[in-house]
Amino acid sequence: MSSSYHPQTDGQTEVTNRVVEQYLRAFVHVKPTNWYRYLPWAELHFNTSYHSASGLTPYQVVYGKPPPQITDYIAGTSMVEACDKVLSTRDEILALLRKNLLKAQSRMKEIADKKRRDVVYEIGSWVYVKLRPHRQTSLS
0 MSSSYHPQTD GQTEVTNRVV EQYLRAFVHV KPTNWYRYLP WAELHFNTSY
50 HSASGLTPYQ VVYGKPPPQI TDYIAGTSMV EACDKVLSTR DEILALLRKN
100 LLKAQSRMKE IADKKRRDVV YEIGSWVYVK LRPHRQTSLS
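Have a look at this one:
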C-alpha cells in the first residue's frame, strides 16, 4: 500500500509508473499533449511484454496463455467507417512507435558505446576484479 503524499513507499507501483511513462514518451514524441490517447496502447504493451521477475507476461499470468498478436489492418476491409478509421489510426500509431523506439535504441547504443573500449589482456597480466557480496535468494 502507498500514500498519495509519499509514493516512494510502494516500489512496485513506482517501477510500473516509470515503465508506462517510458512507453508514453515513445508514443507522444511529436505531440506530448495527446498522451492520454496512447495510454491504452501503453497498457497493452506493458501487459504483453515479458517481465523478468515472473518469467512471463502479465497477460500470461492472468489468462494462462500467450497474448494474442496484433495483425496489420488492410484499409477499406471494414464495412463500418468508424472501425476502418480506428484500425488505420492504430496501424499509424504502431508504425510511429516502432520508428521512435528504433531511434531511441540507436541513441542508447551510441551513448553506451562511447564508454566501451576493447581491452586485450595477456596471460599473466594483473587486473582488478570488482567482487559483489552474495545475495541470498531464499530463506534457507
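Counted from 1, the sequence shown has number 43 at position 44 by numbering that gives the first Met the number 0; the numbering is strictly sequential. Just so it is clear, CB atoms sit at the ideal spot from N, CA and C, and this is done for glycine as well.
Cβ neighbours of Val128 in the same chain (closer than 7 angstroms, five flanking residues each side left out)
Taking the first residue of the sequence shown as 1, we reach residue 128 at position 129. Cβ neighbours of Val128 beyond the five flanking positions: none.
Three or more C-beta pairs below 8 angstroms linking the segment 105 to 112 and the segment 35 to 49:
Between the segment 105 to 112 and the segment 35 to 49 there are fewer than three inter-stretch CB-CB distances shorter than 8 angstroms, so the stretches are not counted as touching.
With distances taken from CA atoms, which of Phe45, Ile69, Ala52 is nearest Tyr58? Position 59 of the sequence shown, counted from the first residue, corresponds to residue 58. When only C-alpha atoms are compared, the closest one is Phe45.
Helix, strand or coil at Lys129 [DSSP, three-state]:
One-based indexing of the sequence shown puts residue 129 at position 130. Coil.
Is the segment 48 to 64 close to the segment 74 to 83, with three or more CB pairs under 8 angstroms?
No: the two stretches stay apart, fewer than three of their Cβ pairs being nearer than 8 angstroms.
| said: Is it the case that the segment 88 to 97 contacts the segment 10 to 17, given that we only count it when at least three CB pairs across the two stretches are under 8 angstroms? | reply: Touching, no, given that fewer than three Cβ pairs across the two stretches are closer than 8 angstroms.
Quiz item: If you draw a straight line from the alpha carbon of Ile122 to that of His133, how long is it in whole angstroms?
Solution: Taking the first residue of the sequence shown as 1, we reach residue 122 at position 123. Taking the first residue of the sequence shown as 1, we reach residue 133 at position 134. Their Cα atoms are separated by approximately 28 angstroms.
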